[in-house]
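Enquirer: Sequential numbering from 2 applies to the sequence shown in our numbering.
Just so you know, even glycine gets a beta-carbon here, dropped at the ideal spot from N, CA and C.
This is the structure I want to talk about, given as structure tokens.
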Amino acid sequence: MLMSGKSKRLIKGTIILSMATLITKALGLIFWLPFQNIAGDQAMGVYRQSFPFYSILLMVATAGVPITVSKFVAERVSVGDHYGAKRVMRAASVILSLTGLCAFCVLFFGSGFISEVILDSPRTESSLKVLSFALLVVPIMGVTRGYFQGHQEMIPTASSQVVEQILRVLTMVIITYWMVEEAFSTEMVSAGATLGAVTGATAGLLVMGIFIMKDRRKPSVPSHSHQEVVNQEPFFSLSKKILKFAIPISMGTLILPLIQLMDSATVPRLLRWGLEVSTVEAEKLFGIYGRGEPFVNLIATFSSALTLALIPAISAHIAKKEYDAVERKVSQAWLMTVVIGMPCAVGLAILAEPITIMMYHNESQLAVETSSAVLATLAVSTIFSTLAVTSSGILQGLGYNRLPVRHLGIGAAVKVSGNFIFVPFLGITGSAISMVLAYTIVCFLNVRSVVRNTGVKVPYRRLILNPIFCSGIMSAGLLTFLYGANQWLDPGMDRLLNTLLATGLILPGAIIYIIALLLSKTIGRAEILLLPRGEQICHWLTRLKLIQPEENSIPS
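This is the structure in structure tokens:
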């Protein structure tokens, strides 16, 4: 069965968002390289301690409204109510202007209390003050992105994401370099780096403003008469409906920053208590833990983009009572998430040590070993986190907003408990282990809820066994190449040789995995046709006898 136009639009929209998010995450990863090499692990640790509280206030300020906007807009557009879709955006803009202002006041004027009492790290106060200004900008940008996502137009969001990240990274790198050269304190270097969040968000909002102006110049859709405009629900009632739907989503998105805040508040303390290290050493170890974050975020790129595209798409199908299409969307989303996420996680775990040496300045072999262990462990967590995020988006699209919140709450409890159990004995790697356990539980609970509420049948062989088998073959190939390269090059701590090793093994690993996917029929012609130049790729693969000329895949 061939994919419908709407299915292709969903997946192509996902690909657009994935590419944009991939670029932004790659830029973020590129930023960490000069930042850590210029400023050091301690500045990175202070920087990471500052962000969770900002993220929490951002989640409170946005209250899940951007995702809600995409859902409400999609529902109205699907029945031709374009005027109602614009009213949703206006109502959401008013709500988030007020909440953003309140969040700014809390963070700016409460930065002293937060840094000294909650975080037990006075060095974070200046960073918190700088970050507070982003709270005036980011919420409104989120509303405009949600509006276009509701129309399943992903280019505006993608464009603003890329521009936002480019300016953010440029600001961070330039200011960090200048402040280190001028011998500013660690506290001020961290604060200077956080300024990038403000400049980037401002640039992203300006880009969305351009798209909004273009949207207003479009010819009016002749679907709403004067009577339809009059029949629109009152503005206050619409705002209440938005908040009623958005708050559970906000609670779900709030839990992950809360986990990060608990890490910031507990892990350095547990390191000092369990390992009996100094405050400076604890900040350095927390900075080493932060090295893995950009790689984990990079792997999570696809599932995050898929979630943004899934929620309005599933909502539109529900509004039209197209339940078979919902099941097909779920199957597609799961397959795409696992097929892309699993090999990335496995490859990152195997290449953790050469990547650590390639990317970061390490004071000793012990720092390399610690960082590699943390990175490899966090890589394992992404196998479960990506599927958990995608399944959460499916549940939200179906209208089950409270289930992902409940499951994340359980995961958060596991994460915090794991910190107290593992960190005092295993050091910073213990925090990564507790993350794996937390996401495993959240993933299981989310997937189980999707199955129960949709009746979708899980294709265990294609969804689980085949990707594990293909990743296993890729792992065997990578480990063989890695062993041979280590024997031949003996890279040790040499950054150039480890760079050659890490980058040189990516292509062979990808080729092995793709061939295994094709031969095991995990993906087929229908999936390949969704890619750019899909017809040419199919023709080439058919000649190589890697796919059948008339092969069909899972219907979509």
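Mind listing, in chain order, the continuous alpha helix (DSSP H) runs of no fewer than 4 residues lying wholly within the region 101-126?
Expert: List check, alpha helix (DSSP H) in window: nothing returned.
Enquirer: Please report the straight-line C-alpha distance between residue 424 and residue 94, rounded to a whole angstrom.
Expert: Distance between the alpha carbons of residue 424 and residue 94: 43 Å.
Enquirer: Is the Cβ-Cβ distance between residue 386 and residue 405 less than 8 Å?
Expert: No, they are not a contact pair.
Enquirer: Excluding the 5 residues flanking residue 116 on each side, which residues of the same chain have their C-beta closer than 7 Å to its C-beta?
Expert: Excluding positions up to five away in sequence, the list reads 122, 123, 125, 126 and 129.
Enquirer: I need the straight-line Cα distance from residue 68 to residue 419, nearest angstrom please.
Expert: Cα to Cα, the separation comes out at about 31 Å.
Enquirer: For residue 491, count neighbouring Cβ atoms within 10 angstroms of its own Cβ and tell me buried if that reaches 16, exposed if not.
Expert: Residue 491 is exposed by the Cβ-count criterion.
Enquirer: Kindly list the residues whose CB is nearer than 7 Å to the CB of residue 226, restricted to its own chain and excluding five residues on each side of it in sequence; keep chain order.
Expert: Model confidence at residue 226 stands at a pLDDT of 48, short of 50, so the residue's coordinates are unreliable; what they give is reported in the following sentence. So no residue of the chain qualifies.
Enquirer: By DSSP, does residue 286 sit in helix, in strand, or in coil?
Expert: Residue state, collapsed to three classes: helix.
Enquirer: Can you look up residue 505 in the DSSP assignment and give me helix, strand or coil?
Expert: Reduced to three states, the DSSP call for residue 505 is helix.
Enquirer: Would you call the CB atoms of residue 375 and residue 494 closer than 8 Å?
Expert: No.
Enquirer: Residues in its own chain within less than 6 Å of residue 231 by CB, not counting five upstream and five downstream?
Expert: Low per-residue confidence applies at residue 231: pLDDT is 49, beneath 50, and the placement is therefore not dependable enough to give any value.
Enquirer: Quick one, which of 475, 410 and 460 has its alpha-carbon nearest residue 447's?
Expert: The candidate whose alpha carbon is nearest that of residue 447 is 410.
Enquirer: For the region 240-251 against the region 395-402, are there 3 or more C-beta pairs whose distance is under 8 Å?
Expert: Yes, the region 240-251 touches the region 395-402.
Enquirer: For the putative contact between residue 395 and residue 334, defined by C-beta atoms under 8 Å, what is the C-beta separation to the nearest angstrom?
Expert: About 6 Å; that satisfies the 8 Å criterion.
Enquirer: Quick one: Cα of residue 389 to Cα of residue 276, how far?
Expert: One C-alpha to the other measures close to 33 Å.
Enquirer: Quick one, which of 415, 120 and 458 has its alpha-carbon nearest residue 442's?
Expert: The option with the nearest alpha carbon to residue 442 is 415.
Enquirer: So, with DSSP's three-state summary, where would you put residue 235?
Expert: Coil.
Enquirer: Using the beta-carbon count (16 or more within 10 Å), is residue 186 buried or exposed?
Expert: Exposed, since its Cβ has fewer than 16 Cβ neighbours within 10 Å.
Enquirer: Relative to the alpha-carbon of residue 263, which residue among 464, 120 and 503 has its alpha-carbon at the smallest distance?
Expert: Cα-wise, what sits closest to residue 263 is 120.
Enquirer: Just how far apart, CA to CA, sit residue 290 and residue 429?
Expert: Answer to the nearest angstrom: the Cα atoms are 7 Å apart.
Enquirer: For the region 103-114 against the region 132-149, are there 3 or more C-beta pairs whose distance is under 8 Å?
Expert: Output reads yes: the region 132-149 touches the region 103-114.
Enquirer: Note down, one range per segment and in chain order, each beta strand (DSSP E) of at least 3 residues found wholly within the region 37-88.
Expert: Whole beta strand (DSSP E) segments, 3+ residues: zero.
Enquirer: Report all residues from its chain with a CB closer than 6 Å to the CB of residue 417; omit the five preceding and five following residues, and keep chain order.
Expert: The residues are 263.
Enquirer: Could you give the C-beta distance for residue 190 and residue 180, rounded to a whole number, given that I count them as a contact under 8 Å?
Expert: That belief holds up - the Cβ atoms of residue 190 and residue 180 are roughly 5 Å apart, short of 8 Å.
Enquirer: Please list the terminal residues of the continuous alpha helix (DSSP H) segment that includes residue 337.
Expert: Note, residue 337: alpha helix (DSSP H), 324-351.
Enquirer: With distances taken between CB atoms, is the gap from residue 503 to residue 356 smaller than 8 Å?
Expert: Contact flag set, yes.
Enquirer: Leaving out five residues before and five after residue 258 in sequence, what residues of the same chain have Cβ atoms less than 7 Å from its Cβ?
Expert: Once the five neighbours on either side are set aside, the close Cβ partners of residue 258 are 53, 56, 57 and 60.
Enquirer: Which residue's Cα is closest to the Cα of residue 266: 74, 450, 421 and 70?
Expert: Cα-wise, what sits closest to residue 266 is 421.
Enquirer: Using 8 Å as the cut-off, can you tell me whether the region 468-483 makes contact with the region 502-518, which would need three or more C-beta pairs spanning the two stretches below that distance?
Expert: Yes: the two stretches touch, three or more of their Cβ pairs being nearer than 8 Å.
Enquirer: If residue 36 sits next to residue 194, beta carbons under 8 Å apart, how far is it from one beta carbon to the other, in whole angstroms?
Expert: Yes, residue 36 and residue 194 are in contact; Cβ-Cβ is about 6 Å, under 8 Å.
Enquirer: Let me know if residue 285 comes out buried or exposed under the rule of 16 or more other beta-carbons within 10 Å of its beta-carbon.
Expert: It counts as buried.
Enquirer: So is residue 374 in contact with chain B if we call contact Cβ pairs under 8 Å?
Expert: Of the protein chains in the structure, only one exists, and it is not chain B.
Enquirer: Leaving out five residues on either side along the sequence, give the residues of the same chain with a beta carbon under 8 Å from the beta carbon of residue 98.
Expert: Within the same chain, residue 98 has close Cβ partners 140 and 141.
Enquirer: Would you decide whether residue 79 is buried or exposed? Buried here means 16 or more other CB atoms lie within 10 Å of its CB.
Expert: So residue 79 ends up on the buried side.
Enquirer: Can you list, in chain order, the residues of its chain whose CB lies under 6 Å from that of residue 360, leaving out five sequence neighbours each side?
Expert: 34.
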